[in-house]
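*Asks:* Okay, here's the structure, questions in a sec.
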Amino acid sequence: MEIMVGVLGLVVGAAGSYIYATSKNNARVREADKQVESARAQAERIARDAQTEAETTKKTAVLEAKEEILRLRQESEEEDKRRKGELQRMENRIMQREESLDHRNEALDRREEQVSKMQSSVDKRRNEVEGLYAEQEAELERISALTREDAHKEILDRVRAETVRDEAQILRESEQRVRAQADKTAREIVSTAIQRCAADQAGEITVTSVHIPSDDLKGRIIGREGRNIRTFEQVTGVTLVIDDTPETVILSSFSPVRRETARVTLENLIADGRIHPARIEEMYHKAERLVNERIQEAGEQAAFDAGIHDLHPELVKTLGSLRYRTSFGQNVLQHSVQVSALCGLMASELGMDEGPAKRAGLLHDLGKAIDHEVEGPHAVIGADLARRYGERPLIVHAIEAHHADVEPASVLDVLVQAADAVSAARPGARRESAEAYIKRLEKLEEISNAHDGVERTYAMQAGRELHVMVEPSKVSDSEATVLAHEIAKQIEDEMEYPGQVRVVVIRESRAVDIAK
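Taking my numbering, the leading residue of the sequence shown gets 1, the next gets one more, and so forth.
This is the structure we're talking about:
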């Protein structure tokens, strides 16, 4: 019974729970249905509002579009009106221009007609004038008893005489004006360069004296039957003079390199004490190597003194050999270093770059190192050598032009010429043989005497001044100026000389009478 009651209770409880759960679910369903209906109503309301808003927006957009179309139409109409107005104005201007051109064409036609009439009149008048001119010319020929060619020649002679006078006056005035300014500036530059470049000068000689410890060595130097001295002279190419001068022997040669090599050889033989043909040859080869080393050192030192550090090694070696080369007694290597310094100083005074000027000055006499091996002027030889070893065309041309073998083409060419002349003209720098001096004076007088009207010529001031006496009946005062210019130009073209030559043309007229 109790079990049944328990089971019944469970059944009743389960039934109650089910009924409760069912009623609760039904309430939830009804609540959900209400929410769905509410959401549907809200969605319908939103859709109606959106449709209403869309219709309103559409109407507004349509109105705005209509207003924009209306505005654009008005603007287009206004633009059309404006363009039509501009076109109308342009058309009016074109019509006015056409009318103006028509008037001008009419005026030009009238002017052309007038010109043609005037041309015909001028042609007629020209023919009349030519006829009158021919008649007058024939009448003049009849009166003067001269043909047209004779009269033409006479007039030309008169004009030429007047032109020579005017030319002389213009030439004199121009030269005085240009020389006044150019000489002043040139003197300042050259004097400044000379003052800033102080260098010693000493003339080279063609003999070298070698001191020996005692006169007993002279016999050993000569050797048995003179074999030592003959070997020495054959090997070195130098004349060995042994005379009564105490403790001194003399080496004589025009080649400074050979003379220096022989001097070193002889000193080494004297110091060694063994003097015989085999030893002479051995010492000569050692001395030759030593002199070559000194040549290389001299070239490097010269380049260093000039401030040039990128020379080709062959150029340095060739430059060093100038240490034993002389020109009129002046050491060529020292002269080249001086020219380099002078070029640099003058270039600095002119506001130019000093580097190319120093380089051209140092290398300008390079050809003198090999001019005994290659034919031609040393300036041309040096220019070819510099060109071969990669020097710039500016430097090569300056080397080639420093003795006017080619025409100067730049300021650098003239600077090298001036520096070369300044270095050579320093007191004691060079000397000239009497024979060359006499030939130079004779050449000056020959050039002067070759001109028409020259009576006598006197070379003065060691050839630095040339006095030319002319015949007054053949040379006028105006022609004297032209003659001086021509003689000076010919001297420049045909001669080489240190410094400058002043040409003075003297025309003297005398009137003589006797009082009785």
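C-beta atoms are modelled at their ideal positions from N, C-alpha and C, and glycine is treated no differently.
What you are looking at is a predicted structure, and each value in this text was computed from that prediction instead of being measured.
Tell me where the alpha helix (DSSP H) around Tyr458 begins and ends.
*Replies:* Numbered from its first residue, the sequence shown carries residue 458 at position 458. Where Tyr458 is concerned, there is no enclosing alpha helix (DSSP H), although the beta strand (DSSP E) it sits in stretches over 454 to 460.
*Asks:* Starting from His403, trace the beta strand (DSSP E) in both directions and tell me its first and last residue.
*Replies:* Numbered from its first residue, the sequence shown carries residue 403 at position 403. Careful: His403 lies outside any beta strand (DSSP E) and carries neither H nor E.
*Asks:* Here's a check: name, in chain order, each residue in its chain whose Cβ is nearer than 8 Å to the Cβ of Glu204, leaving out the five neighbours to either side.
*Replies:* Position 204 of the sequence shown, counted from the first residue, corresponds to residue 204. In this predicted model, Glu204 has a pLDDT of only 45, less than 50, meaning its place in the structure is not dependable; the value taken from the coordinates is given anyway. Excluding residues within five positions, the ones whose Cβ falls inside 8 Å are Pro256, Thr326, Gly329, Gln330, Asn331.
*Asks:* Terminal residues of the continuous beta strand (DSSP E) containing Glu465?
*Replies:* Within the sequence shown, residue 465 is the residue found at index 465, counting from 1. Note, Glu465: beta strand (DSSP E), 465 to 470.
*Asks:* By the 10 Å Cβ neighbour count, where 16 or more other Cβ atoms means buried, how is Gly344 classified, buried or exposed?
*Replies:* Taking the sequence shown and counting its residues from 1, one reaches residue 344 at position 344. Gly344 comes out buried.
*Asks:* Can you give the Cα-Cα distance for Val454 and Val468, rounded to whole angstroms?
*Replies:* Here residue 454 is taken as the residue at index 454 of the sequence shown, counted from 1. Here residue 468 is taken as the residue at index 468 of the sequence shown, counted from 1. Roughly 7 Å separates the two Cα atoms.
*Asks:* For Asp365 and Ser336, which I take to be in contact (beta-carbon distance under 8 Å), what is that distance rounded to the nearest angstrom?
*Replies:* On the sequence shown, position 365 is the one that residue 365 refers to. On the sequence shown, position 336 is the one that residue 336 refers to. Right, the Cβ-Cβ distance comes to about 5 Å (below 8 Å), so this counts as a contact.
*Asks:* In the structure shown, what three-state DSSP assignment does Ile212 receive?
*Replies:* To locate residue 212, count along the sequence shown from 1; it is residue 212. Three-state DSSP puts Ile212 in coil, outside helix and strand.
*Asks:* On the criterion of 16 or more Cβ atoms from any shown chain inside 10 Å, does Val178 qualify as buried, or is it exposed?
*Replies:* For the purposes of this step, residue 178 is identified with residue 178 of the sequence shown, where counting begins at 1. It counts as exposed.
*Asks:* Specify the secondary structure class of Ile280 as computed by DSSP and reduced to three states.
*Replies:* Counting from 1 along the sequence shown, the entry for residue 280 is found at position 280. Three-state DSSP puts Ile280 in a helix.
*Asks:* Can you look up Gln96 in the DSSP assignment and give me helix, strand or coil?
*Replies:* Along the sequence shown, one-based indexing puts residue 96 at 96. Looking at Gln96 - three-state DSSP - the assignment turns out to be helix.
*Asks:* Cβ of Ala398 within 9 Å of Cβ of Leu385?
*Replies:* Within the sequence shown, numbered from 1, the residue matching residue 398 stands at position 398. Within the sequence shown, numbered from 1, the residue matching residue 385 stands at position 385. Not a contact, by the Cβ cut-off of 9 Å.
*Asks:* Short check: CB of Glu407 to CB of Ala383, under 9 Å?
*Replies:* Walking along the sequence shown from the start, residue 407 turns up at place 407. Walking along the sequence shown from the start, residue 383 turns up at place 383. The answer is no: Cβ separation not under 9 Å.
*Asks:* Does the separation of the CB atoms of Glu314 and Tyr389 fall below 9 Å?
*Replies:* Within the sequence shown, residue 314 is the residue found at index 314, counting from 1. Within the sequence shown, residue 389 is the residue found at index 389, counting from 1. Contact: yes.
*Asks:* Take the Cβ of Phe232 as the centre, count every other Cβ of all protein chains shown within 10 Å, and call the residue buried at 16 or more, exposed below.
*Replies:* Here residue 232 refers to the residue found at position 232 of the sequence shown. Under this definition Phe232 is a buried residue.
*Asks:* For His402, count neighbouring Cβ atoms within 10 angstroms of its own Cβ and tell me buried if that reaches 16, exposed if not.
*Replies:* As a position in the sequence shown, residue 402 is number 402, starting the count at 1. His402 comes out buried.
*Asks:* Please list the segments of the alpha helix (DSSP H) lying wholly inside the region 339 to 402, counting only runs of 4 or more residues, in order along the chain.
*Replies:* Runs of the alpha helix (DSSP H) inside the region 339 to 402: 354 to 363, 378 to 388, 393 to 401.
*Asks:* Give me the Cα-Cα distance between Leu101 and Arg111, rounded to the nearest whole angstrom.
*Replies:* Taking the sequence shown and counting its residues from 1, one reaches residue 101 at position 101. Taking the sequence shown and counting its residues from 1, one reaches residue 111 at position 111. For Leu101 and Arg111, the distance between alpha carbons rounds to 15 Å.
*Asks:* Can you have a look at Pro356 and say buried or exposed, based on whether 16 or more other CB atoms are within 10 angstroms of its CB?
*Replies:* Numbered from 1 along the sequence shown, position 356 holds the residue referred to as residue 356. Looking at its Cβ environment, which holds 16 or more other Cβ atoms inside 10 Å, Pro356 is buried.
*Asks:* In this structure, how does DSSP classify Gly428 when only helix, strand and coil are distinguished?
*Replies:* Position 428 of the sequence shown, counting from 1, holds the residue named residue 428. Caution applies to Gly428, whose pLDDT of 49 falls short of 50 and renders its modelled position unreliable; the value that the coordinates give is listed next. Three-state result, Gly428: coil.
*Asks:* In chain order, what residues of the same chain have a beta carbon less than 7 Å from the beta carbon of His312, not counting five sequence neighbours either side?
*Replies:* Residue mapping note: residue 312 aligns to position 312 of the sequence shown, counting from 1. For His312, where only same-chain residues beyond five positions count, the Cβ hits under 7 Å are Tyr389, Gly390.
*Asks:* Between Thr481 and Glu175, what straight-line distance do the alpha-carbon atoms span, to the nearest angstrom?
*Replies:* In the sequence shown, the residue the question calls residue 481 occupies position 481. In the sequence shown, the residue the question calls residue 175 occupies position 175. Approximately 11 Å between the Cα atoms of the pair.
*Asks:* When the Cα atoms are used, what is the spatial distance from Ala54 to Glu44?
*Replies:* Numbered from its first residue, the sequence shown carries residue 54 at position 54. Numbered from its first residue, the sequence shown carries residue 44 at position 44. Rounded to the nearest angstrom, the two C-alpha atoms are 15 Å apart.
*Asks:* For the alpha helix (DSSP H) containing Thr248, name the first residue and the last one.
*Replies:* As a position in the sequence shown, residue 248 is number 248, starting the count at 1. Not the alpha helix (DSSP H): Thr248 falls in the beta strand (DSSP E), residues 248 to 252.
*Asks:* Taking contact to mean at least 3 C-beta pairs separated by less than 8 Å, is the region 272 to 288 in contact with the region 211 to 226?
*Replies:* Touching, yes.
*Asks:* Leaving out five residues on either side along the sequence, give the residues of the same chain with a beta carbon under 7 Å from the beta carbon of Gly307.
*Replies:* Here the question's residue 307 lines up with position 307 in the sequence shown. The residues are Lys358.
*Asks:* Between which two residues does the beta strand (DSSP E) holding Thr239 run?
*Replies:* Numbered from its first residue, the sequence shown carries residue 239 at position 239. Unbroken beta strand (DSSP E) run through Thr239: 239 to 241.
*Asks:* Rounding to the nearest angstrom, what Cα-Cα distance links Lys439 and Gln500 in this structure?
*Replies:* Taking the sequence shown and counting its residues from 1, one reaches residue 439 at position 439. Taking the sequence shown and counting its residues from 1, one reaches residue 500 at position 500. The alpha-carbon atoms of Lys439 and Gln500 are separated by roughly 17 Å.
*Asks:* Per DSSP, what are the beta-bridge partners of Val505 in this structure?
*Replies:* Stepping through the sequence shown from its first residue, residue 505 is reached at position 505. BP columns for Val505 point to Val468.
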